[in-house]
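One structure below.
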Amino acid sequence: MGRLGEPAFRAEQLYHWLYVRCERDWDSMTNLAKPFRQRLADTCAIGTLTPDTIQQSQDGTRKYLFRLSDGQVVESVLMHFQERDTYAVCLSTQVGCAVDCSFCATGKLGFKRNLSVSEIVEQYLFVQHESEKEVRNVVFMGQGEPLLNLPNVLPAVHLLNEAAEVGMRRMTISTSGIVPQIYTLAQEALPITLAVSLHAPNDAIRGQLMPINRKWPLAELMPALHHYVEKTHRRLTIEYILIDGLNDQAAQARELGKLLHGLRCNVNLIPYNPIHQQLPGAPMDYRRSRPSAVDRFRQIVSDYGKKVTVRLERGADIDAACGQLANRL
Ligand code: SAH
Ligand code: SF4
């Protein structure tokens, strides 16, 4: 603002318009003088994302497909939870993903590139701008592995918190288990929630589902999780996809209960969302667990003293549910 010959408080006004009000149009910034607004419009653009398509699911979930300045596309998902009347947005942190879990559509895209700090934050700002209600919860569970883009994800977390006023306690970062970066994140000791995609109680099954397990098997991941809790005093979320006959048996639930013994965590069970069979490499033989198997699994893990929830499926009809983000135009 100084360079433009404007008083310093203009910067604060702009900051408020851009991050708190999530405004995307200079002309709506009514407490700025008209000639100044015109000057801004002539010289600056707000953000770099262009919405390509916005789809609405029968359950109210909205999926945003954004075009980035280099022509790549990436998705975000807005979810409404009726019971608590809260809104949460699921942000992407990379275009595609290199981790290549067998069950995930994003993995089938391969890794294209990291998103910048502004590309991550702007997904939130755009979705909030469009939403009538306040979007108070942010989950980093869209495309990509957040811990493989930590140098951009961390500043995005801080910007969302300090500028856009999203509480840290309302943010969740989900990871497939990138061990060195779990230690790095522990160092920050942020009051966010770390969610860990475990999906199996042993290396044999986990290795089959997630190639990353060969690099960082459970013998390395579990100590990293204990360290994280020790450093941050935060309770982890353990995510566990249930796939029929593959990892949903009673014996596996008991094995999980034992594996998690002594770890401060809740368990979130995710019935598998089938991904489009046309995607190259899509698993043909994965099916969602039967409701009776989900119930049994939940009961057994609860008996080991864990709080277990079953994730509500959102937006499956528009390919917006967990693991279905594949940038289909
Ligand atoms: N890369 C991070 C965050 C993005 S994925 C991670 O893997 O944790 C967010 C969650 O969706 C993860 O728990 C992931 O395992 C899960 N997921 C991926 N594919 C899925 C599918 N087909 N059905 C259900 N959940 C899926
Ligand atoms: Fe990547 Fe997460 Fe999908 Fe695995 S589940 S391929 S880590 S986005």
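Each residue of the sequence shown is one higher than the one before, counting from 438 in the numbering used here.
Where is the CB? At the ideal position from N, CA and C, for every residue including glycine.
When only Cα atoms are considered, residue 629 and residue 603 end up about 11 Å apart. If you check the C-beta of residue 541 against the ligand SAH, you find a heavy atom less than 7 Å away. Within the stretch 628–710, the complete alpha helix (DSSP H) segments of 4 residues or longer fall at 640–646, 649–652, 655–669, 687–696, listed in chain order. Sorting 486, 668, 448 by C-alpha distance to the C-alpha of residue 619 places 668 at the top.
Across the set 581, 562, 465, 538, the C-alpha of 581 shows the shortest separation from the C-alpha of residue 548. Segment contact: the stretch 728–741 against the stretch 513–520, fewer than three CB-CB distances shorter than 8 Å; contact not assigned. According to the DSSP assignment, residue 491 belongs to the beta strand (DSSP E) that extends over 487–493. Looking at the backbone, the Cα of residue 502 and that of residue 635 are separated by about 28 Å.
If you draw a straight line from the Cα of residue 440 to the Cα of residue 474, it comes to about 16 Å. For residue 705, same chain residues with a beta-carbon under 6 Å away, outside a window of 5 residues either side, are 674, 676, 746, 748 in chain order.
The beta carbons of residue 538 and residue 646 sit about 6 Å from each other, so the pair counts as a contact at 8 Å. Between the stretch 571–588 and the stretch 479–499, the count of Cβ pairs shorter than 8 Å is below three; the stretches do not touch.
Assignment of beta-bridge partners to residue 524 by DSSP yields 517. Cα atoms of residue 683 and residue 696: separation of roughly 18 Å, rounded to the nearest angstrom. In this structure residue 498 is buried. Its beta-carbon is surrounded by 16 or more other beta-carbon atoms within 10 angstroms. Assigned with DSSP and collapsed to three states, residue 502 falls in strand. In this structure residue 531 is in contact with residue 552, their Cβ atoms being roughly 6 Å apart against a cut-off of 8 Å.
When the beta-carbon positions are compared, residue 490 and residue 559 stay at least 8 Å from each other. Counting every other CB atom within 10 Å of its CB across the protein chains shown gives residue 688 a total below 16, marking it as exposed. Three or more Cβ pairs closer than 8 Å define a contact, and the stretch 656–664 falls short of that threshold against the stretch 711–731. Relative to the ligand SAH, residue 582 has its C-beta within less than 7 Å of a heavy atom.
Residue pairing for residue 460: DSSP places it in no beta bridge. Residues 456 of the same chain have their beta carbon placed closer than 6 Å to that of residue 600, with the five preceding and five following residues left out of the count. Following the DSSP letters along the chain, one finds residue 574 inside the beta strand (DSSP E) bounded by residues 574–577. Rounded to whole angstroms, the gap between the alpha carbons of residue 492 and residue 507 is 23 Å.
In this structure, DSSP gives residue 742 a state outside helix and strand, which the three-state scheme calls coil. In this structure, the beta-carbon distance from residue 577 to residue 610 falls below 8 Å.
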